[in-house]
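Protein chains: 2
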Amino acid sequence: MTTVTLGIDVGGTNTKIGFVDRHGRCLASTHISTGADEPFSNFLENVFKTVKALSKEAGDIEMVAVGIGAPNANYYTGKIEEAVNLKGWGKEVAIADLMEEHFKVPVAITNDANAAALGEMKFGVAQGMKNFIVATLGTGLGSGIIVNGDLLYGHDGFAGELGHITVVEEGRTCGCGRRGCLETYVSATGIKRTMFELLADSNGSSSLANKTFEQLTAKDIFDAAEAGDALAKEAFEVTGEILGKSLADAIAIFSPEAIVLFGGLASAGDYITQPTRRAMEENCLHIFKGKTRLVVSNLEGDNTAILGSSALAWQEYEKKKNA
Amino acid sequence: MTTVTLGIDVGGTNTKIGFVDRHGRCLASTHISTGADEPFSNFLENVFKTVKALSKEAGDIEMVAVGIGAPNANYYTGKIEEAVNLKGWGKEVAIADLMEEHFKVPVAITNDANAAALGEMKFGVAQGMKNFIVATLGTGLGSGIIVNGDLLYGHDGFAGELGHITVVEEGRTCGCGRRGCLETYVSATGIKRTMFELLADSNGSSSLANKTFEQLTAKDIFDAAEAGDALAKEAFEVTGEILGKSLADAIAIFSPEAIVLFGGLASAGDYITQPTRRAMEENCLHIFKGKTRLVVSNLEGDNTAILGSSALAWQEYEKKKNA
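Line by line, the protein sequences are chains X and H.
Reminder that position 248 of the first sequence reads as 248 in this note's numbering, one-by-one numbering, no gaps.
Reminder that position 33 of the second sequence reads as 1033 in this note's numbering, one-by-one numbering, no gaps.
Structure representation (structure tokens):
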């Protein structure tokens, strides 16, 4: 019998579910529609049904804990609170308690960037580290910060919002209602906005001049850079420069062993890491220069989010066992 | 017999030494010249002699641990490393080991801002808190950050340099060799530089127009504000605005229960706290608005630094006892 945890990653559209063993092997996984506009009870039933089917597929397993990564998930309360992309679920749902009642094992929740950080620590590039930062570069910029081997949750459970550090005074409008937040520059959306500024400035001298704002993706910018488009390369330079400067500040605050880049934009490789690393080192306080590694996540594929959530479950399981 | 710890605060000019009981009562204290240009061995002998005399004065005590606050002190290594204002001591001194050898009790060291944070947690306004930030506003800006009841040290022991966050791109030159660091705006020196900018801008329309840069102190600016000087008041407004914005970023990162202002500039009361609090709340990410208190330290007088160092000693003592 294999001891496993269940990892659940709740997204605005789909929810990924899988059983993961101690070594990060995903024994069985699937995904279901989240149904963000329907009542939460529908989602719960769907998860329960799916897990039952999945456990048959996984073979001879004992499930010892459940970890859930979800937007606006509060580790302290076990609730998803006011998640804008889960409208049908109302103001808050006590997802951890309700799952615990059903599965009869410890259930913990956290947001997806925090889950990613735990995933890196248990299964990825941050194994053995106790102080590091994961920046997830997706539609927005999320961050999971590990201090002394534990996630930084702060007083209310919502710490770690590096994406909403102000980097440009009176800068770009942000979905949070403020201006100049880091994620308006450094994210899949941010680099697209930068590309449009560069197109405006250069009077459209780029192969991407034929794309509408709605059409353009970070992947298009990467492909254009690969094909030699100078402006697309510059978009990565600008993005990395801003990210690197912000990471220099983060290093002065946290003195981390490493900063791990994760998510879509991170897969652009050198295009993003080179300018980021250069700006980070250039702007670093002297006592920290050369001390913090910048690395890209090595967790890949469809099950990455499941691995992160399951790492949370494994952490909870170990904590309860040692308590 | 009273159980006490020894608190030592090493400054560039003077070193304060005192015995402190569990309740933060300083049973006996004194100060000696640090002798920063002389060999470290002189300092050590001087401390040992002083402590011996002081212990007679303190009465029937048992000393169980020693805590040292010092510039560039590394908690992990027990060494003071490359402190620019302790030139005679060389590249590094193993102060904790050498003291431990002599006193035969646990000895721990940390920098002064970290010691201040521990002092607030054990004896001051942060009693009962587990997540908060202390900003020490002296010649520079130091910070001690408490996460889950422990100091944030990071990978190398030097985390928590909020004073060297870049707040103005290509801003004021900083002693660290970079530009635009928070402490070049928010510190006793920072407000003086702001006052001189305002004097330049307003063509000297202030009672402080008769002071040279060398003469002017933060206390002068406070006194002028008290006497109704509009430009002096504006200097506090500008300083608080920049501090408040930076604290809004710190809140997004740490979600602390409180931010404690400590040191000379903090004693200017409303002049500094009002604009700071306003800018902090205005610039806060919505989910954190109204959650973090801004308070001024209530530890006062000559023994504050001794209390901080002794709080470190008490923490070490408790840790060893529970280990």
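Don't be surprised by glycine CBs; every beta carbon is placed ideally from N, CA and C.
These numbers were taken from a predicted model, which means no experiment stands behind them.
For R293(X), the enclosing beta strand (DSSP E) covers residues 293-296. With contacts defined as CB atoms closer than 7 Å, G177(X) and S297(X) fail to qualify as a contacting pair. In this model, V1134(H) and V1047(H) are separated by some 28 Å (Cα to Cα). Closer than 7 Å to the CB of L1182(H) there is not a single CB belonging to chain X. Using a Cβ-Cβ cut-off of 7 Å, P1256(H) counts as an interface residue toward chain X, since at least one Cβ of chain X sits closer than that to its own. In the three-state reduction of the DSSP assignment, T1194(H) falls in the helix class, which pools H, G and I.
By the C-beta density criterion, S1205(H) is exposed, having fewer than 16 other C-beta atoms within 10 angstroms.
Taking CB atoms only, C1176(H) has a neighbour in chain X less than 7 Å away. Between the alpha carbons of R278(X) and E241(X) lies a gap of roughly 8 Å. Collapsing the DSSP output to three states places I306(X) in a helix. Separation of A323(X) and V107(X) (C-alpha to C-alpha, rounded to the nearest whole angstrom) is 16 Å. Per DSSP, T1110(H) is one residue of the beta strand (DSSP E) stretching across 1107-1110. Residues of the segment 1152-1175 of chain H with a C-beta atom less than 8 Å from some C-beta of chain X are L1152, Y1153, G1154, H1155, D1156, G1157, F1158, A1159, G1160, E1161, L1162, H1164, I1165, T1166, listed in chain order.
For T1173(H), there is no enclosing alpha helix (DSSP H), since its DSSP letter is neither H nor E. Within the same chain, and ignoring the five residues on either side of W1089(H) in sequence, the residues whose Cβ sits closer than 8 Å to its Cβ are A1036, P1039, F1040, F1043, I1080, A1083. Within chain H, the C-beta atoms nearer than 8 Å to that of L285(X) come from E1161, H1164, C1176, R1178, in chain order. For K245(X), no beta strand (DSSP E) segment is defined; the enclosing uninterrupted segment is the alpha helix (DSSP H) at 230-254.
Closer than 7 Å to the CB of N1131(H) there is at least one CB belonging to chain X. DSSP, reduced to helix, strand and coil, places T13(X) outside both helices and strands of the structure shown, so it counts as coil. With respect to the C-alpha of L208(X), the residue from Y185(X), K233(X), V186(X), S187(X) having the closest C-alpha is K233(X). Excluding the 5 residues flanking it on each side, K1245(H) has same chain C-beta neighbours closer than 7 Å at A1279, N1283, in chain order. Under the DSSP assignment, V51(X) falls in the alpha helix (DSSP H) whose first and last residues are 40-58. Beta-bridge partners of M63(X) (DSSP): V4(X). Around the C-beta of H1286(H), fewer than 16 other C-beta atoms lie within 10 Å, and the residue is accordingly described as exposed. DSSP places A73(X) in the strand class (E or B) of the three-state scheme. Listed as beta-bridge partners of V1147(H) by DSSP are D1150(H). Bridge partners of T166(X) according to DSSP: C181(X).
Nearest to C181(X) by alpha-carbon distance, out of D1249(H), G1119(H), I1145(H), C1181(H), is D1249(H). Pairing A116(X) with F19(X) gives a Cβ-Cβ distance that is not under 7 Å. In summary, the residues of the segment 1274-1305 of chain H whose CB is separated from some CB of chain X by less than 8 Å are N1283, L1285, H1286, I1287, F1288, K1291, T1292, in the order they occur in the chain.
The residue from N1203(H), A1200(H), T1194(H) with its alpha-carbon nearest to that of T1217(H) is T1194(H). Cβ proximity to chain H below 7 Å picks out nothing from the segment 84-107 of chain X. A252(X) has a beta carbon lying within less than 7 Å of a beta carbon in chain H. Fully enclosed beta strand (DSSP E) runs of no fewer than 3 residues are not present anywhere in the segment 1200-1232 of chain H. Cα atoms of T1003(H) and N1085(H): separation of roughly 34 Å, rounded to the nearest angstrom.
Looking from the CA of L1198(H), the closest CA among E1183(H), G1144(H), F1254(H), A1235(H) belongs to A1235(H).
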